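Trainee: What follows is a structure written as structure tokens; I'll ask about it next.
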Amino acid sequence: MPIHHYAPALLPCKLCGEGFDHHQAATDPALTTCPTCGQTVTRIGIQTSHTPKLLHPLSVSEAKNLGFTVFKKTSAGEFERQ
């Protein structure tokens, strides 16, 4: 479900500040009033989040070559750097 950002008509609002985020389906109509203060609002845009997909799991050596710190769990339940 996308996150829509709404801004109040009169900035800054004492309750909403510069605006608020609202989760709603893309097929739902845009909000016309703020649910907190009742002021007229306009939709600014949709915030999307992008997560990279790994084509394959990284091996320990590949992770080290890419600059990641690799840890190994010991039998005592603690982690130590490899």
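For the sequence shown, our numbering assigns the number 4 to the initial residue and increments by one for each residue that follows.
Glycine included, each C-beta is placed from N, C-alpha and C at the ideal position.
Treat the numbers as computed from the prediction; the structure is a model and nothing was measured.
1. List the DSSP bridge partners of H25.
2. Do three or more CB pairs link the segment 56-74 to the segment 32-44 at distances below 8 Å?
3. On the CB-based measure, 16 or more other CB atoms within 10 Å of its CB, does V63 come out buried or exposed?
4. Among the residues of its own chain, which have a CB less than 6 Å from the CB of A79, if the five just before and after it don't count?
5. Output the boundary residues of the beta strand (DSSP E) element that contains E83.
6. May I ask you to report which of helix, strand or coil DSSP gives V73?
7. Let me make sure I understand the geometry here. Which of L61, T77, H25 has the alpha-carbon closest to that of T45?
8. Would you report the Cα separation of L13 and I6, rounded to the nearest angstrom?
Mentor: Let me spell this out:
1. H7
2. no
3. exposed
4. none
5. 82-84
6. coil
7. H25
8. 22 Å
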